[in-house]
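The working numbering numbers the first residue of the sequence shown as 111 and each following residue consecutively. Backbone N, C-alpha and C fix where the C-beta goes; we use that ideal spot for every residue, glycine too. Here the structure is laid out as structure tokens; the discussion comes afterwards.
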Amino acid sequence: MKIGIVCYPTFGGSGVVATELGMALADKGHEVHFITYNQPVRLDFISHNLHFHQVILEEYPLFQYQPYELALSSKMVEVVRKHELEVLHVHYAIPHAYAAYMAKQMLKEKGLDVRVVTTLHGTDITLVGSHPTYKTAVEFSINNSDVVTAVSNNLKETTNKLFNIRKDIKVVYNFIDVEKYAAAGDEECNRIAIAKPNEKILTHVSNFRPVKRVEDVVKVFYEVNKEIPSKLLMIGEGPERAKAEKLVKELKISEDVFFLGNSTEVAKILCYTDLFLLPSQTESFGLAALEAMAAGTAVISTNTGGLPEVNIHGETGYLSDLGDVSDMAKNAISILKDDVTLACFKQNAKEQTKRFSLENILPVYEDIYKSCFKTEV
Ligand code: GMT
């Protein structure tokens, strides 16, 4: 099929999922066109079936804010017409579902009927989308998509609670290329560059926004570090990084905590990680946790949002109430305290990711694209 993918091109989970999906679809012979303002960070032009169309914004003195949706929907129309796309798959409702609706209407006037699939990722519903500023337009564009998917059961339930949705939302879990993460573990794992043989490695990966509660990451590590020789790797960039660095200094653990910034080598870093920390305020799914698990890493997380659908309490790691740093630390220590327990959790984590394998999820999206043509709009 000929599919357009619209996403944020950054390190956020929705952009990562969209990019990995597009590359996998191209690998299977579909023609995939990414439409966004920058080349997605994980996009590897490994196939002649992959294309990238940049949305360019024009400066104009009158604009305090440039109208991105307008530029995006115009670009969608142009690409659909030129490349005869059948489906536009938009990731993250704001503003992509709305821009896709506009593109669809413009194309209709030209006698073309492109189908729109909207995937809800989380904060487009939970934190931003349900805000009165956006709610009306988000609800409208969800209801006017041909198919709507959500990345967890929890996100589906939350969407139905927060909005008046007339469509049946399909749950399609996020996925992982299990082989890729397993292979990263087989490569030379340069653990010794980070920690001494007797030290454990804990890792956090995020975009350091308030919702990720990165100070809780530091607090949990502080407690663990008192009992278990260890190092903490903080991967990512974002507004809360400075606060986390300040706390590390105050707690006098600077020698054991490394802030590594954004990385395209997450799989390699995870290969020597023992425990992944994700104390988020909410997480519709927790792709970062799934990536860690695929690399064989146990997870300490909160029990919010869709996390319990990914991280199984007492098996692949532990779930704690939001902000319960001491429970998270206690659980982390119980996993790290002996190598047999740690190995068992790591093995369970790896096993659990098979449920979310690319091979299982890719055909679900392909069926959804086909089903659009049976849907009455
Ligand atoms: O908040 C982020 O981590 C980024 C955000 C995004 O849309 O880029 O992530 C959301 O989508 C991811 C992919 O589906 C999910 O794994 C994350 O759980 C979700 N984030 C939140 O719900 C906070």
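Buried or exposed (CB count within 10 angstroms, at least 16 for buried), residue i
i    : result
T246 : exposed
P150 : buried
L432 : exposed
T269 : buried
H241 : exposed
G424 : exposed
L182 : buried
L172 : exposed
Y382 : buried
G122 : buried
V487 : For V487, the pLDDT reaches just 47, beneath the cut-off of 50, and the residue's location in the model is therefore unreliable, although a value from the coordinates is still provided. Exposed, because fewer than 16 other Cβ atoms sit within 10 Å of the Cβ of V487.
F331 : buried
G139 : exposed
A128 : buried
N335 : buried
Q215 : exposed
E469 : exposed
Whole-angstrom C-beta distance between residue j and residue i, which should lie under 8 Å
i    : j    : result
M186 : I156 : Not really, about 24 Å apart at Cβ, beyond 8 Å.
A58  : K341 : The requested residue 58 does not occur in the structure, where the chain is confined to residues 111 to 487.
T392 : T426 : So it is not a contact: roughly 20 Å between Cβ atoms.
V116 : V200 : 4 Å
L429 : L417 : 6 Å
I410 : L385 : 6 Å
I478 : V227 : 6 Å
N253 : I275 : 6 Å
V327 : L387 : 5 Å
E130 : D287 : 7 Å
Y102 : S251 : Residue 102 is absent from the model: the chain starts at 111 and stops at 487.
V282 : Y475 : 7 Å
heavy atom of the ligand GMT below 8 Å from residue i C-beta
i    : result
V261 : yes
N317 : yes
S240 : no
A207 : no
S390 : yes
E267 : no
F395 : yes
D234 : yes
Y354 : Strictly speaking, residue 354 in this sequence is Ala, with Tyr absent from that position. A354 Cβ: outside cutoff for every heavy atom of the ligand GMT.
A402 : no
S411 : no
N284 : yes
G416 : yes
L237 : yes
H231 : yes
A134 : no
A442 : no
K322 : yes
A398 : yes
V376 : no
G406 : no
Y147 : no
V127 : yes
S255 : no
S183 : no
Unbroken alpha helix (DSSP H) run spanning residue i, endpoints
i    : result
F162 : Taken as a continuous stretch (DSSP letters only), F162 belongs to no alpha helix (DSSP H), being part of the beta strand (DSSP E) at L160 to Q164.
V474 : L468 to S481
S251 : K245 to N253
F173 : Run containing F173: none; DSSP gives neither H nor E here.
H206 : A203 to E219
E76  : Only positions 111 to 487 of the chain appear in the structure, and residue 76 is not among them; the question remains open.
V130 : Correcting the residue type first, residue 130 is Glu in the shown sequence and not Val. Per DSSP, E130 belongs to the alpha helix (DSSP H) from G123 to D137.
I379 : V376 to L380
According to DSSP, residues forming a beta bridge with residue i
i    : result
L361 : In DSSP, L361 forms no bridge with anything.
R225 : V197
F144 : I115 and F162
T313 : L343 and F386
A260 : L230 and V281
S430 : T412
V367 : L342
H423 : G427
I286 : S467
Residue i: first and last residue of the uninterrupted beta strand (DSSP E) it sits in
i    : result
S411 : A408 to T412
Check: residue i C-beta below 8 Å from any heavy atom of the ligand ATP
i    : result
S373 : Inclusion of the ligand ATP in the displayed structure is not the case, the ligand content consisting of the ligand GMT alone.
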